[in-house]
Structures are given as C-alpha cells and as structure tokens.
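What follows is a short report on a single structure.
2 protein chains.
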Amino acid sequence: MTVVDNAVVEREPLKHVQVREYVRDLLGDSTPGTPAPSERELVQKFGVARMTVRQAMDALVAEGLLERIPGRGTFVAKPRNQVGRLLSYTAEMQRRGLLAESQTILARREQAGPGVARALDLTEGDAVIHWKRLRRADGSPMCVEDAYLNEVLLPGFLQSGMPTSLYHSLAMRGMRPTWAEDSVTADLPTHEEAQALEIAPGTPVLRVSRRAVAGDKVVEVSRSVYRADRFTLYVQLSDD
Amino acid sequence: MTVVDNAVVEREPLKHVQVREYVRDLLGDSTPGTPAPSERELVQKFGVARMTVRQAMDALVAEGLLERIPGRGTFVAKPRNQVGRLLSYTAEMQRRGLLAESQTILARREQAGPGVARALDLTEGDAVIHWKRLRRADGSPMCVEDAYLNEVLLPGFLQSGMPTSLYHSLAMRGMRPTWAEDSVTADLPTHEEAQALEIAPGTPVLRVSRRAVAGDKVVEVSRSVYRADRFTLYVQLSDD
DNA sequence: TAGTGGTCTAGACCACGAA
DNA sequence: TCGTGGTCTAGACCACTAA
Numbered sequence: 000m001t002v003v004d005n006a007v008v009e010r011e012p013l014k015h016v017q018v019r020e021y022v023r024d025l026l027g028d029s030t031p032g033t034p035a036p037s038e039r040e041l042v043q044k045f046g047v048a049r050m051t052v053r054q055a056m057d058a059l060v061a062e063g064l065l066e067r068i069p070g071r072g073t074f075v076a077k078p079r080n081q082v083g084r085l086l087s088y089t090a091e092m093q094r095r096g097l098l099a100e101s102q103t104i105l106a107r108r109e110q111a112g113p114g115v116a117r118a119l120d121l122t123e124g125d126a127v128i129h130w131k132r133l134r135r136a137d138g139s140p141m142c143v144e145d146a147y148l149n150e151v152l153l154p155g156f157l158q159s160g161m162p163t164s165l166y167h168s169l170a171m172r173g174m175r176p177t178w179a180e181d182s183v184t185a186d187l188p189t190h191e192e193a194q195a196l197e198i199a200p201g202t203p204v205l206r207v208s209r210r211a212v213a214g215d216k217v218v219e220v221s222r223s224v225y226r227a228d229r230f231t232l233y234v235q236l237s238d239d
Numbered sequence: 000m001t002v003v004d005n006a007v008v009e010r011e012p013l014k015h016v017q018v019r020e021y022v023r024d025l026l027g028d029s030t031p032g033t034p035a036p037s038e039r040e041l042v043q044k045f046g047v048a049r050m051t052v053r054q055a056m057d058a059l060v061a062e063g064l065l066e067r068i069p070g071r072g073t074f075v076a077k078p079r080n081q082v083g084r085l086l087s088y089t090a091e092m093q094r095r096g097l098l099a100e101s102q103t104i105l106a107r108r109e110q111a112g113p114g115v116a117r118a119l120d121l122t123e124g125d126a127v128i129h130w131k132r133l134r135r136a137d138g139s140p141m142c143v144e145d146a147y148l149n150e151v152l153l154p155g156f157l158q159s160g161m162p163t164s165l166y167h168s169l170a171m172r173g174m175r176p177t178w179a180e181d182s183v184t185a186d187l188p189t190h191e192e193a194q195a196l197e198i199a200p201g202t203p204v205l206r207v208s209r210r211a212v213a214g215d216k217v218v219e220v221s222r223s224v225y226r227a228d229r230f231t232l233y234v235q236l237s238d239d
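Protein sequence lines, in the order shown, are assigned to chains A and B. Numbering that gives the first Met the number 0 puts the first residue of the first sequence at 0, with every later residue one more than the last. Numbering that gives the first Met the number 0 puts the first residue of the second sequence at 0, with every later residue one more than the last.
Rendered as structure tokens:
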C-alpha cells in the first residue's frame, strides 16, 4: 500500500489560514510587546470579513504567540515559562547553564524482554536498542541513563546515530518525541550507580522513568538515576 | 483600602456565556460520546446567531469538554490523561485510590520572614498564615507539609478554613490556584521528619517545594516531604 | 474623538457522514 | 437526501484606551 502518484490538488489555503500565517511570519521573531496589525487593517489588506480575521488571530492567541488588550490592540506575548516542556538532556542542561557530555557504557541490539516489550508496545523478542550512558554536566557525573529504543522505528540507528544527542538523532528520523510521561521517586543508589556517579553509598538519588512518544509510537523508554545533590526537577502544573 | 460597598451591578450574562454554561450544565457529567445539541438547535433555543453559538462551543472544545466531528456532530470528549494537573493532596490521593487524612501540627498567624515574603510577593513583616500538617494516606503517614498562605488574600481563614481541604477553602474564597510550580529533589529526612513519617533515618524522601498562583496572586508556598517508598510523582511533558 | 478589541446578527455555501 | 460542523460575509453597537 504505497502512495504512487497521489495527484496533489493545489488548493488555495483557507482565508483564515492565509491571514494567520501572514501574521505569524510578520511577527515570528519579534520582541514581546510588538504590536500586531489591527484586525481592521487585516480586513482591508486581505479583503476579508472581520470574523475571518478574528478566527486567524484567535488561533495565534490560543497558541500563545499573541495577546489581546481591549482598547489598545494586539501584541506579541511574552513567551510563557516553559518549565515542564519536553527537553533532551543536552537542552535541559543548557537551560541550566551547564555543559552536557555523555559517555556510552553500553550500546547494542537486544531482544526485548517482557517488561521492555510491554513498555515499547512490542512483542517479546522483538529487536530493541539498549543504550546506557553516563551523563555529565560541567565535567562531573550527573546521571546514569539506561534507555531502550524501538529498533523497528530506527533502522541503522546503532551505526549512524551514536555520536550525537539521542533526541537530535530521533528528530532527524522524524521520530522526535512529542510527548512523554515521567515518574519520579527518591531512592538509594546501587553500589555500581554510586561508583559511576561518584557519590557515597547512602546518598539519596532521584530515579526518573520515562516513556517517550512520537505521534502514536513509543520510541523510547528509559530509567535514569540522578545525583540529587546536583539535580532538582522543575514541574509546572496547571488547572485546565 | 477595604472594599466598602462595591455596588454590584446585576448584569445579564453575555449570550455566548449563557449558551456555554447551558451546554456545560447539560453535559456536565455525561459519558464520553454523548451528543451535544447541534449548533442549529441551540440557535433556535436561544434565538441567537450561529456565530454566537460557535463561540460558546469553541470555548468548551478548547477546554476539552467537547469534541467536534465534522459531518456527525459535537460530542462529549474522552477526558484526556490528566497526569500533571494541579490537584489538591486530597484529590491526588483519591486519584490513587487512597483515603487522605490530615492532622494539623501547627496553625497560626505569623509575620513573613524574608524568604517567605519574597516567595509570596509580600514585604517582610506582612501577615501570613503558617500551616503545618502531617498528611496520611490509608491511615499511614505519607508526607509532612509546611505551608505559608498570603493572609491578605484570605481574611478570617484561620477561624473558618481549617477543617476542610486547603484547596477547597481557597476555592470558596475565589482563590483556587490555577497554576503552580513544583521543584522536586531527593534527600534524607531530618530526625523529626523521620519520626513523623515513621521511617528509619537514612531512608530517602522526596522534597517538593510548591508555589501556587491564583490569577496573578501567589496564594501559597509550601515545602512537603514525602515518603519515597509510598509516593511516586507522575509528570507529563509535551513538546509544544 | 478616533481607534481598538468584544460581541452579535442573519444570512450563505461547502464537504462530509449517515440513512 | 438531509443534517452536521467548517468557513465566510458585511455589516452593527459596545466599552475601553489614548491622544
């Protein structure tokens, strides 16, 4: 079932989409507070009804790019605090002003055991990539990450993908996680973990289990052990 | 600067709000998949333009109550996974199938010290409510919570608000937190904490600091210590 | 006073799904 | 075929802000 010659019908974008994308391009990287064109200006410019312009602007307001102030106008909004966004280890450390490094402890193809298979939505025995790394920040150990990847989704990953960031490699394959669930608890490290993290036994650590999803496919499950003296997790909660 | 007699103008709710609340009441606790009235039905019922009805429905779709299916209709949506929502301790335990109880250790009016004042957006010496509780789940200790509340926003709180849930009491005063930031780390308990939580010294705990905001006011800052053997934190991350 | 966003009307045509 | 939501029009009046 391959797409052979999906006769692409060139269709005019919907008007509210045209207006929306025009405004997005216009203000894409503007400073917060920059005024957007007024709704009536856009009505003139596109020869369109005001409700149509409002539909376009509504979308941009909903996604947080714009902010309306009655009686004054519409402006580029301050980017909201984005703690709680899905970041790679590298990006996460960058956000904290630390230099991220990784050191591979183990990287090989394996057959999924029952637990990993279930977590990755596979059947036992399917091929998975097992990748274990010691992660450093500003030179000192920060965490040990033990990850399993869905090999079916990432052919040739072990050969090509190793040197760069995991999430970057996934992005290149169109498998960048869009969504993840973490569960977090406190624990004591094993002897090996304590040694790798260069901490005394009996020093508490944070254990984070992650299940990362791209589209509707589970691409990664991992267990990480963080040095609690170096790492605090930030979470944002909203009421919805 | 007290509110003396804020002449309350009884004003007719906006039409799209009337429609929205009518539909919300109608479908409040319905099973996912229950059909909502069609837009044209609501136009008839309220004698209102279709754009007005759409504005009402848009809001309910945006907040996740409804789901539109073109050509079929509008239906009650499946509640999305709501890990990562802002829940009170009571609601959080309920979600986990546990019975929440609380035992007040300390509850009094104090003057804000420098740290608490800054966290609550107050000036040092302003009145705050200091409320420390041992929280249980299914009878056994789960966490010790040490909270500071902005007294200015909660007049008479100490007299009236104590017995019930904190978030419920805040809701009754229109100060239900809409937003919060948590920071989470692993640590060892103090002797007092270990005793209160009924755990051995040297058993790791989760420390959670929270800053809870209602509208644009900080209403609560707290530090909680959770038994890590009983409590795992769940976090959802999205890419945005 | 002029301009802004917020609300609202009374229509219209379209694509899609179900019967 | 008929009902649904999706899009769109060409106006209108309001409350608010800034000059």
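Where a beta carbon is used, it is the ideal one built from N, C-alpha and C, also for glycine.
Residue i to residue j, Cα distance in whole Å?
i: B:Gln235; j: A:Gly46; result: 43 angstroms
i: A:Pro36; j: B:Pro140; result: 57 angstroms
i: A:Glu40; j: A:Gly72; result: 12 angstroms
i: A:Gly155; j: A:Leu64; result: 38 angstroms
i: A:Gly230; j: A:Glu91; result: Just to set this straight, residue 230 of chain A is Phe in the shown sequence, not Gly. Distance between the alpha carbons of A:Phe230 and A:Glu91 is about 11 angstroms.
i: A:Arg19; j: B:Leu86; result: 35 angstroms
i: B:Val224; j: A:Glu197; result: 26 angstroms
i: A:Glu38; j: B:Leu119; result: 39 angstroms
i: A:Leu153; j: A:Leu169; result: 8 angstroms
i: A:Arg132; j: A:Glu192; result: 12 angstroms
i: B:Arg206; j: A:Leu187; result: 15 angstroms
i: B:Asp215; j: A:Arg108; result: 51 angstroms
i: B:Val52; j: B:His15; result: 6 angstroms
i: A:Asp228; j: B:Thr184; result: 8 angstroms
i: A:Asp145; j: B:Ser208; result: 28 angstroms
i: B:Glu62; j: A:Gln110; result: 42 angstroms
i: B:Glu219; j: A:Val143; result: 35 angstroms
i: A:Ile128; j: A:Pro113; result: 15 angstroms
i: B:Val22; j: B:Val60; result: 11 angstroms
i: B:Gln93; j: A:Ala106; result: 41 angstroms
i: A:Arg135; j: A:Leu98; result: 8 angstroms
i: A:Leu157; j: A:Arg226; result: 28 angstroms
i: A:Ser182; j: B:Asp125; result: 38 angstroms
i: A:Lys44; j: B:Val42; result: 32 angstroms
State buried or exposed for residue i, treating a residue as buried only when at least 16 other CB atoms are found within 10 Å of its CB.
i: A:Pro69; result: exposed
i: A:Val2; result: Here the model assigns A:Val2 a pLDDT of 34, short of 50, so the residue's position is not dependable and the matter cannot be decided.
i: A:Leu26; result: buried
i: B:Glu123; result: exposed
i: A:Ile104; result: exposed
i: A:Val8; result: Note that A:Val8 scores a pLDDT of 40, beneath 50, so its modelled location is shaky; the value from the coordinates is reported in the next line. When all chains shown are included, A:Val8 counts as exposed.
i: A:Leu121; result: buried
i: A:Pro176; result: buried
i: B:Gln194; result: exposed
i: B:Gln54; result: buried
i: A:His190; result: exposed
i: B:Asn5; result: Below a pLDDT of 50, predicted positions are generally treated as unreliable, and B:Asn5, at 36, falls in that range; the measurement from the model is reported next regardless. So B:Asn5 ends up on the exposed side.
i: B:Thr30; result: exposed
i: B:Pro203; result: buried
i: A:Ser221; result: buried
i: B:Arg49; result: exposed
i: A:Thr33; result: exposed
i: A:Ala213; result: buried
i: A:Met0; result: Confidence in A:Met0 is poor, its pLDDT being 36 and thus under 50, which makes the residue's placement unreliable; the coordinate value appears in the next sentence. Result: exposed.
Which residues of chain A have a Cβ atom closer than 9 angstroms to the Cβ of residue i, listed in chain order?
i: B:Tyr233; result: Glu180, Asp181, Ser182 and Val183
i: B:Met92; result: What B:Met92 touches in chain A: nothing, since even the nearest Cβ is about 16 angstroms away.
Which residues of chain B have a Cβ atom closer than 8 angstroms to the Cβ of residue i, listed in chain order?
i: A:Met50; result: Met50
Find the residues of chain A that neighbour residue i, judging by a C-beta separation of less than 7 angstroms, and give them in chain order.
i: B:Ala227; result: Thr184, Ala185 and Asp186
Check your understanding: At a Cβ cut of 7 angstroms, what residues of the region 183-204 of chain A count as close to chain B, listed as they run along the chain?
Key -> Val183, Thr184, Ala185, Asp186, Leu187, Gly201, Pro203 and Val204
Practice item. Within the region 33-96 of chain B, note down every full alpha helix (DSSP H) run reaching 4 residues or more, in order along the chain. Key: 38-45, 49-61 and 88-94
**Study point:** Start-end ranges of the beta strand (DSSP E) lying completely within the region 148-219 of chain A, minimum 3 residues
**Key:** 178-186 and 204-213
Check your understanding: Going along the chain, which residues of the region 49-68 of chain A sit with their C-beta nearer than 9 angstroms to a C-beta in chain B?
Key -> Met50, Asp57, Ala61, Glu62 and Gly63
Practice item. Run through the region 91-132 of chain B for me and flag every whole alpha helix (DSSP H) of 4 or more residues, listed as ranges in chain order. Key: 113-118
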